[in-house]
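In full-length UniProt numbering, each number is its position in the sequence shown, counted from 1, plus 2. The structure under discussion appears below in the form of structure tokens.
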Amino acid sequence: DETTVAIIGAGPAGLTLANLLQRSGVDCVVLEARDRAYVENRQRAGIIDHHAGRIFEEYGLADRIVGDGPVETLMEIRTDGVPRFLDTPALAGGRPSRLVPQQMLVRRLIAAFLDGGGDLRFDAADVAVHDLTGPRPRVTYRGGEVHAAYLAGCDGFHGVSRRSIPAEALRTYSFDHGIGWFSVLADAPPPRYPLMGVSRHGFAAQFARGPYASRFYLQYQPGEDPRQWTDEHTWAQLRLRLGDPDLVAGPITGREVVDMRSFVAEPMDHGRLFLVGDAAHIITPMGAKGMNLALTDASVLARALTAAVHQGDETGLREYSAVCLRRTWDYQEFSRWYAEMVHEAGDESQPFRRRLALARLDRLFTSPAAATAFADLMAGTDPGQPD
Ligand code: FAD
């Protein structure tokens, strides 16, 4: 088969890219290793920040993709049970993020692409990429082959695309944040506002995942295996850390140990292969930027590919990696800064660092300039290019 862009992976990155290309009149084929039901039910992220949400507006897809997602208003940081609130959308000049659970986003993107006549092939086993630096790269999979002008590696951290680039052509950065996080999905009423609990019992957070479910995060200590925690222990810890003895429990539907690791591969391209989203970088959930980076990479690449295909102008493709890496590092720094603050502020084993972290946290509530800088990152930015 022949196409203009072969996209590997139908997660948020690949599906966003596919839809934006379709809307721009650029042919593409999407190859996904898993089946449709699996992809549509994978629950992970939940927030589309304001900056990423604007991508769908630009392409006339906002109503269909993010339209009815509740808008974020306040956020709460509770320190040893004492609540404080930040109105981040207002502090960012009226730029709210929206709650759109990842599986809902993926379902909508699949439906929109297929309704537009898109070519999306599930169950594509043994995907391999070839001739990356030649004029006509191709992708093979069990039972098929696609020739393309460009390849987009949107196949996540464990995918095949990044691994197909010669090691000497990539510089990679890997960082273990030294924090253990356990994530629990439960059919329990969501909090009124996104909630973070800083306490000497460890960090915990609670976020809405739709009107009836919550995703909780709990810090665990090195050497512990939180998968062994009983439900009773988990709820008791959450009540303690969130400072809410009346926290309503519900059936736990998912348990996951979250990798608190950062990774960046530079550059994000090799010949005619472009890495997008988690294939190029992963970030901790602190600050909720992983999925947003996937969406913004896809938008930068869609614009660059459209200019290359329709105007023969490859400037955007040459700049793709540098543009995306600037935002990636900006968000990595934000995520690290944020994680350090909320974990160290409760860590009594390091009294000096704890006081520094508490000072950093207090500053958000006492200095309008600090609060605005924080809110600006929450809303999403183009580093070096003011919104
Ligand atoms: P993926 O979602 O990983 O999609 C890659 C796709 O490629 C998958 O469909 C996969 O099946 C497919 N694929 C893989 N290998 C191949 C192959 N060889 N051939 C063909 N297809 C292949 N981010 C946030 O912004 N906020 C959050 O709150 C948040 N919470 C998270 C919680 C958890 C528990 C986890 C695990 C992640 C969380 N993230 C969060 C991160 C977010 O989910 C990712 O950043 C996002 O999914 C990246 O999208 P992607 O399309 O780049 O990659």
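Every residue, glycine too, gets a C-beta built ideally from N, C-alpha and C. All of these numbers come straight from a predicted model, not from anything done at the bench.
- Query: From SER264 to ARG202, what does the alpha carbon distance come to, in whole angstroms?
  - Reply: One C-alpha to the other measures close to 25 Å.
- So, GLN334 versus ILE284, is the Cβ gap smaller than 7 Å? When the beta-carbon positions are compared, GLN334 and ILE284 stay at least 7 Å from each other.
- Give a yes or no on whether the C-beta atoms belonging to SER375 and ARG365 are separated by under 7 Å. In the sequence on display, residue 375 carries Ala and not Ser. No. Outside cutoff.
- Per DSSP, what kind of secondary structure is SER176 in: helix, strand or coil? Here SER176 sits in strand by DSSP.
- Task: Would you grab the beta carbon distance between MET288 and ALA361 for me? Rounded to a whole angstrom, and I think it's under 8 Å.
- Result: Not quite, the Cβ-Cβ distance comes to about 19 Å (not below 8 Å), so this is no contact.
- Message: Going by DSSP in three states, ASP378 sits in which element: helix, strand or coil?
- Response: Correct three-state label for ASP378: helix.
- Task: Can you say whether THR90 is buried or exposed, counting buried as having 16 or more other CB atoms within 10 angstroms of its CB?
- Result: Buried is the call here.
- Query: Just how far apart, CA to CA, sit VAL278 and PRO139?
  - Reply: Taking the CA atoms as reference points, VAL278 sits about 17 Å from PRO139.
- Item | GLU42 versus SER323: straight-line alpha-carbon distance, rounded | Taking the straight line from one Cα to the other gives about 29 Å.
- Query: Is it right to say LEU126 is buried, meaning 16 or more other beta carbons lie within 10 angstroms of its own, or is it exposed?
  - Reply: The identity of residue 126 in the sequence shown is Ala, whereas the question assumes Leu. Looking at its Cβ environment, which holds 16 or more other Cβ atoms inside 10 Å, ALA126 is buried.
- Between ILE49, THR75, ALA150, which lies nearest to MET106 when the distance is taken from Cα to Cα? Checking every option, the nearest Cα to that of MET106 belongs to ILE49.
- Assign LEU295 to one of two classes, buried (16 or more other C-beta atoms within 10 Å of its C-beta) or exposed (fewer than that). The residue in question, LEU295, is buried, as its Cβ has 16 or more Cβ neighbours within 10 Å.
- Using 8 Å as the Cβ pair cut-off and three pairs as the minimum, do the region 16-33 and the region 150-169 touch? Three or more Cβ pairs closer than 8 Å define a contact, and the region 16-33 meets that threshold against the region 150-169.
- Message: Residues in the same chain with beta-carbon distance under 6 Å from ALA171, minus the five sequence neighbours each way, listed in chain order, please.
- Response: Cβ-Cβ distances below 6 Å link ALA171 to HIS272 in the same chain, with the five nearest sequence neighbours on each side left out; the list follows chain order.
- How many whole angstroms separate the CB atoms of PRO224 and ALA210, which I take to be in contact at a CB cut-off of 8 Å? Approximately 30 Å separates the beta-carbon atoms of PRO224 and ALA210; this is outside 8 Å, ruling out the contact.
- Determine the contact status of ASP281 and ARG123, defining contact as a CB-CB distance below 7 Å. Correcting the residue type first, residue 281 is Ala in the shown sequence and not Asp. No, the Cβ-Cβ distance between ALA281 and ARG123 is not below 7 Å.
- Task: Ignore the nearest five residues each way along the sequence and tell me which others in PRO385's own chain have a CB closer than 6 Å to its CB.
- Result: Taking C-beta separations shorter than 6 Å and ignoring five residues to either side along the sequence, the partners of PRO385 in its chain run ARG328, ARG329, ASP332, following chain order.
- Compare the C-alpha of THR130 against each of GLY118, ARG36, GLU147 and name the closest. One detail in the question is off: residue 130 reads as Ala in this sequence, not Thr. Minimum Cα distance to ALA130 is reached at GLU147.
- Message: Quick check on GLY120: buried or exposed, where buried means 16 or more other Cβ atoms within 10 Å of its Cβ?
- Response: Buried, by the Cβ-count rule.
- Item | Cβ-based neighbour list, ASP315, same chain, cut-off 7 Å, excluding 5 preceding and 5 following | Sequence-distant Cβ neighbours of ASP315 in its own chain, meaning closer than 7 Å and more than five residues away, are ALA309.
- Would you call the CB atoms of GLY71 and LEU111 closer than 7 Å? Their beta carbons are not under 7 Å apart, which means GLY71 does not touch LEU111 by this criterion.
- Measure how close the beta-carbons of ASP76 and TYR195 come, nearest whole angstrom, since I'm counting them as under 8 Å. According to the sequence as given, residue 76 is Leu; it is not Asp. That pair is a contact at about 4 Å.
- Query: Apart from the five residues on each side of it in sequence, which residues of its chain come closer than 7 Å, Cβ to Cβ, to ALA54?
  - Reply: So the list reads ASN294, LEU297, THR298, GLY382, once near-sequence residues are dropped.
- Query: On the three-state DSSP scale, how would you describe residue 2?
  - Reply: Since the first residue of the chain shown is 3 and the last is 389, residue 2 is not available in this structure.
- Indicate the three-state DSSP secondary structure (helix, strand or coil) for TYR61 in the structure shown. In the structure shown, TYR61 adopts coil according to DSSP, grouped into three states.
- So PRO72 is in the beta strand (DSSP E); what residue range does that whole segment cover? Unbroken run through PRO72: none, as it is neither H nor E.
- Just to confirm, does MET293 get its C-beta within under 6 Å of one of the non-hydrogen atoms of ligand 1? Checking the Cβ of MET293 against ligand 1 gives yes.
- Query: Would the C-beta of ASP280 count as close to ligand 1, meaning under 6 Å from any of its heavy atoms?
  - Reply: Yes, ligand 1 has a heavy atom inside 6 Å of this Cβ.
- Message: Can you tell me whether ARG46 is buried or exposed? The criterion is at least 16 other CB atoms within 10 Å of its CB, across all chains shown.
- Response: Answer is buried; the Cβ neighbour count reaches 16.
- Between the Cα of ARG144 and those of ARG36, GLU226, ALA150, ASP128, spot the shortest distance and give me the residue it belongs to. Across the set ARG36, GLU226, ALA150, ASP128, the C-alpha of ASP128 shows the shortest separation from the C-alpha of ARG144.
- Taking the beta strand (DSSP E) that ALA8 falls in, what are its first and last residues? Residues 7-10.
- Task: Please determine, among SER26, GLU350, ARG109, ALA188, the residue with the shortest C-alpha to C-alpha distance to THR255.
- Result: Cα-wise, what sits closest to THR255 is ALA188.
- Check whether the Cβ atoms of MET270 and CYS326 sit closer than 7 Å, and answer yes or no. Yes, the pair counts as a contact, with Cβ atoms nearer than the cut-off.
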